[in-house]
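In order, the protein sequences belong to chains A and B. Heads up: the first sequence is residues 28 to 470, going by my numbering. Heads up: the second sequence is residues 28 to 470, going by my numbering. Have a look at the structure below before the remarks.
There are 2 protein chains.
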Amino acid sequence: MDTPTRQPSPALAALLSILATGTALAAAPSPAYPDADASDPARLRWMAGSPPPPDRLLRFDDGSYFRFPALRWSVSNFRQLMPTVNVSRGLSAPAPLPRALRDDIDDVVFQPMGANRPMSWKESLKANYTDGIVVLHKGRIVYERYFGVLNPQGQHGAMSVTKSFVGTLAAMLVAEGELDPSRRVAGYVPELGSSAFGNATVRQLMDMTTGIRFSEDYADPDAEVWAHAAAGNPLPKAQDYTGPRSYYEFLQTVKPEGRHGEAFHYRTANTDALGWVLARVSGRSVAQLLSERVWSRLGAEQDAYMTVDSTGTPFAGGGLNTGLRDLARFGEMIRNNGFFNGRQVLPAAAVADIRRGGDPAAFTQAGYTLLAGWTYRDMWWVTHNAHGAFAARGVHGQALYIDPKAEMVIARFASHPVAGNAANDPTSLPAYHALARHLMGER
Amino acid sequence: MDTPTRQPSPALAALLSILATGTALAAAPSPAYPDADASDPARLRWMAGSPPPPDRLLRFDDGSYFRFPALRWSVSNFRQLMPTVNVSRGLSAPAPLPRALRDDIDDVVFQPMGANRPMSWKESLKANYTDGIVVLHKGRIVYERYFGVLNPQGQHGAMSVTKSFVGTLAAMLVAEGELDPSRRVAGYVPELGSSAFGNATVRQLMDMTTGIRFSEDYADPDAEVWAHAAAGNPLPKAQDYTGPRSYYEFLQTVKPEGRHGEAFHYRTANTDALGWVLARVSGRSVAQLLSERVWSRLGAEQDAYMTVDSTGTPFAGGGLNTGLRDLARFGEMIRNNGFFNGRQVLPAAAVADIRRGGDPAAFTQAGYTLLAGWTYRDMWWVTHNAHGAFAARGVHGQALYIDPKAEMVIARFASHPVAGNAANDPTSLPAYHALARHLMGER
Chain A
28 MDTPTRQPSP ALAALLSILA TGTALAAAPS PAYPDADASD PARLRWMAGS PPPPDRLLRF
88 DDGSYFRFPA LRWSVSNFRQ LMPTVNVSRG LSAPAPLPRA LRDDIDDVVF QPMGANRPMS
148 WKESLKANYT DGIVVLHKGR IVYERYFGVL NPQGQHGAMS VTKSFVGTLA AMLVAEGELD
208 PSRRVAGYVP ELGSSAFGNA TVRQLMDMTT GIRFSEDYAD PDAEVWAHAA AGNPLPKAQD
268 YTGPRSYYEF LQTVKPEGRH GEAFHYRTAN TDALGWVLAR VSGRSVAQLL SERVWSRLGA
328 EQDAYMTVDS TGTPFAGGGL NTGLRDLARF GEMIRNNGFF NGRQVLPAAA VADIRRGGDP
388 AAFTQAGYTL LAGWTYRDMW WVTHNAHGAF AARGVHGQAL YIDPKAEMVI ARFASHPVAG
448 NAANDPTSLP AYHALARHLM GER
Chain B
28 MDTPTRQPSP ALAALLSILA TGTALAAAPS PAYPDADASD PARLRWMAGS PPPPDRLLRF
88 DDGSYFRFPA LRWSVSNFRQ LMPTVNVSRG LSAPAPLPRA LRDDIDDVVF QPMGANRPMS
148 WKESLKANYT DGIVVLHKGR IVYERYFGVL NPQGQHGAMS VTKSFVGTLA AMLVAEGELD
208 PSRRVAGYVP ELGSSAFGNA TVRQLMDMTT GIRFSEDYAD PDAEVWAHAA AGNPLPKAQD
268 YTGPRSYYEF LQTVKPEGRH GEAFHYRTAN TDALGWVLAR VSGRSVAQLL SERVWSRLGA
328 EQDAYMTVDS TGTPFAGGGL NTGLRDLARF GEMIRNNGFF NGRQVLPAAA VADIRRGGDP
388 AAFTQAGYTL LAGWTYRDMW WVTHNAHGAF AARGVHGQAL YIDPKAEMVI ARFASHPVAG
448 NAANDPTSLP AYHALARHLM GER
């Protein structure tokens, strides 16, 4: 940091990690990071004891909770660090996820991107710091593992996987005729009229092709991402703080840069703006809408929750926390074109719109070297590979990967030391595809 | 406040309301308070809108969330205001609570304490600002109502009803031989050795007969209750703050006053100290212990949660939030001497110890004019009436009332404008007893 007076507080810096994008970062973890076993949060006994010893005590306000390896505990315990809002599953019985566990998956072998030697599925889970992973094949659990402090009764931060939930809710309202994707954002949220979002269309928000100034360059103390995080930080502001005090206040300050509709830019602020549109259209917060329209109809086995800013607005760009199997249930519902738990949870047209993908020309301009040929639609990442796979992705390795041809859904929570997914894609994306082929009986 | 420099912050003052005791306060609400309809939190639309308008925005840090009538919203939304820890129900199916609703209960009539005219059961619910109430008779739901922003899928602050959960956990460990009630507190928690708690017995903690200096006089800026709340407040401390920084740190500062074992004094700090003992004995936080030993075995239909201080310690004295029906399930388990959901959830001996009651001579000295003849045992209030009724009680009207002879359990959440239960006892205790007699076919 060049200008200490602008240096964000530790809590702020930590919050920022949640926002981190998947843009090009080091393709492999620095050897300075301890490996998965050495950084195991159960083994390190974070927050264990009464009270925890000082060197195992993690706090929100000093940012200690989000430094690696401590973040490996925190991602499973966000609610203990900050205020949250419930996403109720309702009170009915969970929808069963039948089990048909297979013992041949650990030995599936794949070639990591850029590596000289093959790696086994089992090895990959440690290589990319997996906290929990569930694989569904034809709707049945064929593989399930937990590491560190996560267990089937826990919830884990979904990070930017949250965005895909919000995009799905938007696609749902579009399919139902409640939301017009061609309408200007300011038509729904007049307060955004003088911001860069105002004259963008809802569709441009949904596909992140807005032309907005929103730098996520953490080395730059003037980057907008700092202001976004400061606004959303639920802690009281410092007395000399003069910036926006909530996500909604921040969004009104966003300035234009470039033209709408031309290029894909992965910027968290788009999802928060979309969340605001959804709140206005539905009369419900994103958390309420998710509960009423999806979570309570999905047969989830646990409530989910979202972090909130100091005005109670859920963090649409990255605040969702769920149980791992429930994330898999959501994925299975999407794989089945919205049908799950004996009912059409979402309109099939909404899922079809996601799977169709976005504008390839717009995506190419974002320069994701590891994701050649992909597009972005309704806040989902669409591979356009031979299997028609598509995914929800969040920093530090969160993933919901859906392979329609292989009838496979993978839900994964992780706590990789490097935020950007470019650091774990080399050991996860080829593994997913190899497993898909294995489950299809190919080799 | 006489000394402005010692005046607690708004957030602190608000937290204090959670701690308020049931000692003598005005026996009826001041006419200055709006009535139940006028203060209905759904009608007032607290935190509704995107964003909520400024006059409907409730915040933790300025204390606005806990001023009446806003507190009527907040008691159903604590997790949105502060960090919390989950009390998992596990993943199995809820234990059914059969329904046998009766339409004759609203018309049950009783004589409020100190009133000239009778009141109906239905009238009483508004008179004491009920947010939700469930009545079980012989294990079946015979009556269930929700008001304001509470609903069956919501959780509500149990306030000091929390204490009875903690006392029950202690009685359980005593019955199992894991906790010796005659042992000195310092034997379990050496850090309390130089505090007033150190040479008290665990039994004295459990029955609140310790001799400790702990004033809950809010008009006195030097009252210990301010220091307790400041220590437990999860927000960052002010730079000039020099006091204890967690519940555990506070407990070590408590000084002696009077002798242990002589008189009952209802003081929240005893429960926090007991929580510390339980954590040391079990190797689990109170929240974990409650989940593993009770909540996950009870067939609860929702997770519960507890508020935590900045070191992750659950607030044993008042931090539990539950669904209303789950509170009723817990009560039904206690009524059945620990048996519920097809299993012995708690040792029958633990429940017997609660029902036996405490020392009448010790209780008398506390001077509860409305509770003549009662005692306090294992952090439960025991009426010693002809029905053998006993209760868990929390400020603003939270109650779990168990009448063994009538085979009745009442779970009630409320948001009475006056913290102390002396304000709502006149319209609730006689109503409970009248309903018990009604259900028994008397009248």
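Ideal Cβ positions, reconstructed from N, Cα and C, are used throughout, including at glycine.
Sub-8 Å separation of residue i and residue j beta-carbons
| i | j | result |
| --- | --- | --- |
| Glu284 of chain B | Gly238 of chain B | yes |
| Ser103 of chain A | Leu177 of chain A | yes |
| Leu128 of chain B | Val169 of chain B | yes |
| Val304 of chain A | Leu196 of chain A | no |
| Phe174 of chain A | Asp67 of chain A | yes |
| Met406 of chain B | Ser191 of chain B | yes |
| Ala185 of chain A | Gly421 of chain A | yes |
| Phe417 of chain B | Arg382 of chain B | yes |
| Arg473 of chain B | Asp430 of chain B | Here chain B comprises residues numbered 28 to 470, so residue 473 of chain B is not present and cannot be evaluated. |
| Asn364 of chain A | Ala355 of chain A | no |
| Gly400 of chain A | His411 of chain A | yes |
| Ser403 of chain B | Gly424 of chain B | The question names Ser, yet the displayed sequence has Tyr at residue 403 of chain B. No, the pair does not count as a contact, with Cβ atoms beyond the cut-off. |
| Ile160 of chain A | Arg464 of chain A | no |
| Gly181 of chain B | Gly350 of chain B | yes |
| Val335 of chain A | Pro271 of chain A | no |
| Val193 of chain B | Val313 of chain B | yes |
| Val23 of chain B | Ala419 of chain B | No statement about residue 23 of chain B is possible, as the shown extent of chain B runs from 28 to 470 and does not include it. |
| Arg307 of chain A | Ser77 of chain B | yes |
| Arg106 of chain B | Thr111 of chain A | yes |
Residue i: contacting residues in chain B (beta-carbon distance under 7 Å)
| i | result |
| --- | --- |
| Met109 of chain A | Pro110 |
| Leu84 of chain A | Thr338 |
| Trp303 of chain A | Ser77 |
Proximal residues of chain A, C-beta to C-beta of residue i below 7 Å
| i | result |
| --- | --- |
| Asp330 of chain B | Asp330 |
| Gln180 of chain B | Ser115, Gly117, Leu118 |
| Met74 of chain B | Gly339 |
| Trp322 of chain B | Going along chain A, no residue has its Cβ under 7 Å from Trp322 of chain B, so there is no contact; the nearest lies around 11 Å. |
| Trp408 of chain B | Simply none; closest approach about 28 Å. |
| Val335 of chain B | Gln107 |
Run of the alpha helix (DSSP H) containing residue i, from where it starts to where it stops
| i | result |
| --- | --- |
| Trp73 of chain B | Counting along the chain, Trp73 of chain B falls outside any alpha helix (DSSP H), and DSSP gives it neither H nor E. |
| Met233 of chain B | 229–233 |
| His357 of chain B | Note on residue identity: the sequence assigns Phe, not His, to residue 357 of chain B. 351–362 is the extent of the alpha helix (DSSP H) around Phe357 of chain B. |
| Tyr17 of chain A | Summary: the structure shown does not reach residue 17 of chain A, with chain A confined to residues 28 through 470, and so no result is reported for it. |
| Ala450 of chain A | Taken as a continuous stretch (DSSP letters only), Ala450 of chain A belongs to no alpha helix (DSSP H), as it is neither H nor E. |
| Thr298 of chain B | 295–309 |
| Leu128 of chain B | That residue, Leu128 of chain B, is in no alpha helix (DSSP H); it is neither H nor E in DSSP. |
| Val472 of chain B | In the structure displayed, chain B extends from 28 to 470; residue 472 of chain B sits before or after that span and is not available. |
| Tyr215 of chain B | 212–215 |
| Val135 of chain A | No alpha helix (DSSP H) contains Val135 of chain A, which DSSP labels as neither H nor E. |
| Lys153 of chain B | 148–154 |
Contacts of residue i in chain B (Cβ-Cβ under 8 Å)
| i | result |
| --- | --- |
| Ala306 of chain A | Ser77 |
Extent of the continuous beta strand (DSSP E) run through residue i
| i | result |
| --- | --- |
| Phe440 of chain B | 435–441 |
Beta-carbon neighbours of residue i, restricted to chain A and to distances below 9 Å
| i | result |
| --- | --- |
| Val176 of chain B | Neighbours of Val176 of chain B on chain A: none; closest Cβ ~12 Å, over 9 Å. |
Any non-hydrogen atom of the ligand ZN closer than 7 Å to residue i Cβ
| i | result |
| --- | --- |
| Ser242 of chain A | Ligands are entirely absent from the displayed structure, and the ligand ZN is therefore not among its contents. |
When Cβ atoms are compared, which residues of the stretch 112–132 of chain B fall closer than 8 Å to chain A?
Val112, Asn113, Ser115, Gly117, Leu118, Ala120, Pro121
Pull out every residue of the stretch 271–282 of chain B whose Cβ sits closer than 8 Å to any Cβ of chain A, in chain order.
Ser273, Tyr275
Using a Cβ-Cβ cut-off of less than 9 Å, give me the residues of the stretch 87–103 of chain A that come near chain B, in sequence order.
Phe87, Asp88, Asp89
Can you list, in chain order, the residues of the stretch 254–266 of chain B whose Cβ is nearer than 7 Å to any Cβ on chain A?
Leu262, Pro263
Output, in sequence order along the chain, the residues in the stretch 57–71 of chain A whose CB is closer than 9 Å to any CB in chain B.
none
So if I threshold CB-CB distances at 9 Å, which residues from the stretch 351–368 of chain A count as touching chain B?
Arg352
Please list, in chain order, the residues of the stretch 205–223 of chain B that have any C-beta partner in chain A closer than 8 Å.
none
What ranges does the alpha helix (DSSP H) occupy inside the stretch 378–440 of chain A, keeping only unbroken runs of at least 4 residues that lie completely in it?
387–391
For the stretch 140–172 of chain A, which residues have a CB atom closer than 9 Å to at least one CB atom of chain B, in sequence order?
none
Chain B contacts from the stretch 307–319 of chain A (Cβ-Cβ distance under 8 Å)
Arg307, Ser312
Any alpha helix (DSSP H) of 4 or more consecutive residues that is wholly inside the stretch 313–345 of chain B:
313–317
Could I get the ranges of all uninterrupted alpha helix (DSSP H) runs contained in the stretch 170–204 of chain A, with 4 residues as the minimum, in chain order?
188–202
Quick check for students: name the residue ranges of the beta strand (DSSP E) that lie wholly in the stretch 56–123 of chain B, counting only runs of 3 or more.
111–114
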